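For what it's worth, our numbering labels the leading residue of the sequence shown as 207, then goes sequentially.
Notes for the one structure printed next.
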Amino acid sequence: MPNTHIYDTLIVGAGFSGLGAAIKLVEAGVDDIVILERSDRVGGTWRDTSYPGASCDIPSLLYSYSFVKNPTWSRTYSPAGEICEHIEDMADRFDIRRHIQFGQEVTGLSFDEDAGV
């Protein structure tokens, strides 16, 4: 049976930005959230970046949430796998997985002028 619940907030993608948005919304008291993720796990670009030598192109300390710094990066420009592990950790640490529906690809959205949504 399809999910017919109408959520207050929809986030497309469980990558770095989607998880960060969800974390801050939950902290602000907004808990009726769904994150639609096409893959079977979090990570976004970093999950999908698997070529040899893939790494962050900015210092990793800057590639952290402002509210949770990661002081244990292995290198200044961390490898993709380590960044993906950090994203996985954030999803667990902030209990965001309960909001994620995996295997859900968003192919289109439309604006309802009358409803303002």
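Cβ coordinates follow ideal geometry from the N, Cα and C atoms, glycine included.
Just so it is clear, the structure is predicted and the values come from calculations on it, not from any experiment.
(Q) Please state whether the Cβ-Cβ distance between residue 220 and residue 308 is less than 9 Å. (A) yes
Q. What number of angstroms, rounded off, separates the C-alpha of residue 232 from the C-alpha of residue 243?
A. 18 Å
Q: Report the rounded CA-to-CA distance for residue 235 versus residue 265, giving the unit in angstroms.
A: 32 Å
Q. If you draw a straight line from the alpha carbon of residue 246 to that of residue 256, how long is it in whole angstroms?
A. 16 Å
Q. From 261, 259, 215, pick the residue whose C-alpha is nearest to that of residue 241; which is it?
A. 215
(Q) Quick check: the Cα distance between residue 223 and residue 229, rounded to an integer number of angstroms? (A) 10 Å
Q: Within its chain, find whatever has a CB closer than 6 Å to the CB of residue 187; leave out the 5 residues flanking it on each side and keep chain order.
A: With the chain running from 207 to 323 in the structure shown, residue 187 is simply not present.
Q.
Quick check on residue 286: buried or exposed, where buried means 16 or more other Cβ atoms within 10 Å of its Cβ?
A. buried
Q) Can you tell me the Cα-Cα spacing of residue 289 and residue 319, whole angstroms? A) 39 Å
Q: Out of 282, 238, 226, 252, point me to the one whose CA is closest to residue 211's CA.
A: 238
Q. Taking only runs of the alpha helix (DSSP H) that begin and end inside the stretch 246–320, which ones reach a length of at least 4 residues, in chain order?
A. 250–254, 286–299
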